[in-house]
Each structure stands twice: as structure tokens, then as C-alpha cells.
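Student: So the sequences go chain by chain: F and G.
Here my numbering is used: the first residue of the first sequence is 1, the next is one more, and so on.
Here my numbering is used: the first residue of the second sequence is 1, the next is one more, and so on.
Where is the CB? At the ideal position from N, CA and C, for every residue including glycine.
Given the structure is predicted, the values throughout are model-derived calculations rather than measurements.
What follows is a structure written as C-alpha cells; I'll ask about it next.
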Amino acid sequence: MRMETEEVAPGVVKANLVGRLDIGGSAQIDLAFSALTGAHRALIVDLSQVDFIASMGLRTLIVGARTVMRKGGRMVLLAPPIEVEAVLISSGTDNVVPIWRSLDDAIRAVSA
Amino acid sequence: MGIPRLNTGRRLLIDTEEVAPGVTKVNLRGRLDANGVQTIGTMFDRVARTQRRLVVDLSRVTFIASTGLRALIEASRTIASRDGRMAFLRPDPSVESVLISSGTDALIPIFQDIADAVCAVCIGEADDDDLPADSLPFSLQVDRSMRGVARVGAWVDELAILLNLAQRTEYALRLCLEEAVTNVVTHARPVPGANADMIGLRLVAEQRWLHLTVQDQCAEYNPLTSDEQDAGREPSGEGGLGIGLLRHHARDVSWSRVGSTNRLAMTIPR
């Protein structure tokens, strides 16, 4: 599991997660991801290269989103593969962290 | 005399004994390298082809080479093809580290205690007799720890290749195993004196279904009754989220207490 970050618009950071967000994967990025959610108010988490997520990974995302929201910021998820999206929806995670298909929409959603 | 003496210290010796009804212990002594495999080959093959419950005692094997690993894996496949099981007993630490680093322990579990090894090769004995002829059983024992959970991921990688699983099926299998094992690691309480350090995983693959069981020897704990309060749409970030996902990806999810064993069973469509 890897995580890279880039600034995709002024003040808007996109975190690109790459790999499997299973127990091992979550443990690998947890620290860096919480640091990121603590530091930014407009965060897009790009899931397009994440090929697995289960409850441990969902927790990482939900806890991160709550950290961002507590500061009045916004976090959204971008372009999860179909199997990952199904898990996000069936678990209700999309009610806490909205899912967007396009980067432009995601940028608008966190900037508004 | 001019006859060279065999250096018996470098030869591999093999003998067998019946340690429980239907359970054969194979005692190997010496170096399990190319020469060793050649020495024991015929006898080991015959044992693997005729026995279904095999415990291979490695306590007196001083060295293992890739040829040796291959011979052991082939024997376990021969046994598995007849719905049998094989386990290793008490390998020397240097041999054990080779078994682990090569991933051989994922196919053939390692035990320190003869009773545990016998138990492992007998698990599912009753079920096995009911198995359809075209089904394939696989099993894995992992530590009851987060390290054990991580081990499960690698097992799913292997199964996905061996069984040529569709991406959707592999996802469901990975999710169900990870959630079930995580639940045992985080919630189950060990019973003093019981062998609660391991979690046993078993997969029986049929043409259209994967039947999965996750077993542990901890105190009685039913994970399926602990998710009711978490049924709301917004996840709280704790509790029954994992079981909810598991139910979403599997059918016929059931829990039972069999003797001192917690047993979670489920079926995943292929």
C-alpha cells in the first residue's frame, strides 16, 4: 500500500492510494493518512488504484473524514473501482464521505 | 577392507508409525536434500499415495533444500487430491524458517505438539466423507494475531491462482476471511489451558460455490449476534461493520459451537 499526495487546485490536496486497503495496507498508511487529514481542510482521496477494501480500510477513511469535518473542512472519495464502490455503499460509508467520479466534480465539492 | 563405508550421518532415513487410528507419522532423519529425496523417494511416494492423514516429523531433519521442499509439497498435493491432510511436526528452527520463508507452511501447517498435529490432520474428517468427488479442500492455520490476519491475504492470493477465481469471487473471499479472522483476533477470549493460539481456516471449492469455515478454540463467542445494534446506515466506525460486509458478500452465514470450538461457516458463490 502506497500513498502519494499532490495539490490539484489552490488549497485542494489529492491523496492517491495505491494497493490493497486490507488490514496490512491500512496499517501501512494509517499514520501518514491521519497526519494528512489533520493538516488539510479540502481533501480528495483518489481510490482509483485501490483494488480491495474491507472494514479496517473503511475505518481509516471514516476516521479521516471526521477529522477533516471537525475543522469545518471537507473530504471526498474519487473514482473507486466497482467492487470497492459496492463496499462503500453497502456499508453506508458514502453517507459520511461522498463519492465522485470526476476530479472536477470532486474539486468543486471540497472547495464549495 | 577396500569397501567404502556409507556415511550414515549424511543419509536420510525414513520410517513410519501409526500414532492414532488412520493417522500415520512419518519420521525423517538426516538431510532432506537431493540425495535424501532420492533415498526416501519410493517409500515416501507410497505413503503419500496410500495414507490420508499424515504427520511428518521433522525434528531430526537437519537441513532442507528446494528439492526437499518440492517432495514434501508434492506429497501434500497427492494427499489433498484424495481429501486427505498432511502436517509438519517440530521442525528444527533452521528448517522451520525455510518452510516459512518459502510459504510451504501455508500449504502444510507446522505444529510443535503431536496432539495438535494429529487433530489438524483429522479436522473435518466427518465432513470429508460427504464431499462431492469434484470438490477440492484447502486449509490453513494462522496465529491468532494481526500477523495471522496478514497471512490470510497471502493465502487468498494463492487460492485465487490455484482455483482461477473471478475477480469478484476473489474479492468476496478476501473480505469474508479478513473480517472473520479479524473478529476472532479482536473479540475472542482465550480459555486457559486450551490451544487458543491458532485459527483454523478451511475452504472447500466446488464448481459453483466456495464453502468456508473459520474455527478457533477460544471461549464461546458468536460474532453474528453482536452486530444487531450497529444495523444503522451510518457506520459508527466500530463493532459490527465487518460482519455486515461479510453477510453482504456470503450466503448461509452461520455460527456454531462444537465442543470447545467456535465455528463460523459461510458460502461464497463463484
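Take residue 178 (chain G) as the anchor and find which of F:110, F:22, F:68, F:31 has the nearest alpha-carbon.
Tutor: Of F:110, F:22, F:68, F:31, the residue nearest in Cα terms is F:22.
Student: Quick one: list the residues of chain G neighbouring residue 75 (chain F), beta-carbon separation under 8 Å, in chain order.
Tutor: Going along chain G, no residue has its Cβ under 8 Å from residue 75 (chain F), so there is no contact; the nearest lies around 14 Å.
Student: Report yes if the C-beta distance between residue 173 (chain G) and residue 156 (chain G) is below 8 Å; otherwise report no.
Tutor: Yes. Within cutoff.
Student: Can you give me, in chain order, the residues of the segment 77-88 of chain F that have a beta carbon less than 8 Å from any beta carbon in chain G?
Tutor: From the segment 77-88 of chain F, only 83, 87 have a Cβ closer than 8 Å to chain G.
Student: Nearer than 7 Å: is that true of the beta carbon of residue 101 (chain G) relative to any heavy atom of the ligand FAD?
Tutor: Of the ligands one can find in the structure shown there are none, so the ligand FAD has no counterpart to examine.
Student: Whole beta strand (DSSP E) runs in the segment 79-117 of chain G with 3 or more residues, listed along the chain?
Tutor: Runs of the beta strand (DSSP E) inside the segment 79-117 of chain G: 85-89.
Student: Grouping DSSP H, G and I as helix and E and B as strand, with all else coil, what is residue 18 (chain G)?
Tutor: In the structure shown, residue 18 (chain G) sits in a strand (DSSP, three-state: E or B).
Student: Taking one C-beta from the segment 93-104 of chain F and one from the segment 18-27 of chain G each time, how about it: are there three or more such pairs within less than 8 Å?
Tutor: These segments do not touch.
Student: In chain order, what residues of the same chain lie with their CB nearer than 8 Å to the CB of residue 185 (chain G), ignoring the 5 residues before and after it?
Tutor: Hits under 8 Å: 144, 145, 146, 148, 149, 199.
Student: Start and end of the alpha helix (DSSP H) containing residue 38 (chain G)?
Tutor: Taken as a continuous stretch (DSSP letters only), the alpha helix (DSSP H) holding residue 38 (chain G) covers 34-50.
Student: Just by C-beta distance, which residues in the segment 48-60 of chain F are closer than 9 Å to chain G?
Tutor: Within the segment 48-60 of chain F, the residues whose Cβ lies closer than 9 Å to some Cβ of chain G are 51, 52, 53, 54, 55, 56, 58, 59, listed in chain order.
Student: Could you name the residues of chain F that residue 150 (chain G) contacts, counting a contact when the two beta carbons are closer than 9 Å?
Tutor: Chain F residues near residue 150 (chain G): 22, 23, 24, 27.
Student: Taking Cβ positions only, does residue 104 (chain F) come closer than 8 Å to chain G?
Tutor: Closer than 8 Å: no.
Student: On the three-state DSSP scale, how would you describe residue 163 (chain G)?
Tutor: Reduced to three states, the DSSP call for residue 163 (chain G) is coil.
Student: Can a CB atom of chain F be found closer than 8 Å to the CB of residue 186 (chain G)?
Tutor: No, its Cβ sits nowhere closer than 8 Å to a Cβ of chain F.
Student: Could you check how far apart the C-beta atoms of residue 152 (chain G) and residue 181 (chain G) are, in whole angstroms? I think they sit under 8 Å.
Tutor: Indeed, because the Cβ distance is near 5 Å, the residues count as touching under 8 Å.
Student: For residue 168 (chain G), which of helix, strand or coil comes out of DSSP?
Tutor: Of the three classes helix, strand and coil, the one that applies to residue 168 (chain G) here is helix, per DSSP.
Student: Between the segment 69-83 of chain F and the segment 43-52 of chain F, do at least 3 Cβ pairs fall closer than 8 Å?
Tutor: Cβ pair count under 8 Å is three or more, so yes.
Student: What's the C-alpha gap between residue 244 (chain G) and residue 222 (chain G)?
Tutor: Each residue's alpha carbon lies about 14 Å from the other.
Student: At the level of alpha carbons, what is the spacing between residue 49 (chain G) and residue 79 (chain G)?
Tutor: The alpha-carbon atoms of residue 49 (chain G) and residue 79 (chain G) are separated by roughly 7 Å.
Student: Say whether chain F places a C-beta atom closer than 8 Å to the C-beta of residue 32 (chain G).
Tutor: Taking Cβ atoms only, chain F never reaches closer than 8 Å to residue 32 (chain G), which makes this a no.
Student: Identify which residue in G:242, G:120, G:69, G:71 has its Cα closest to the Cα of residue 53 (chain G).
Tutor: The candidate whose alpha carbon is nearest that of residue 53 (chain G) is G:120.
Student: Pull up the CB-CB distance for residue 18 (chain F) and residue 107 (chain F), whole angstroms please, since I reckon it's below 8 Å.
Tutor: The Cβ separation is near 20 Å, so there is no contact.
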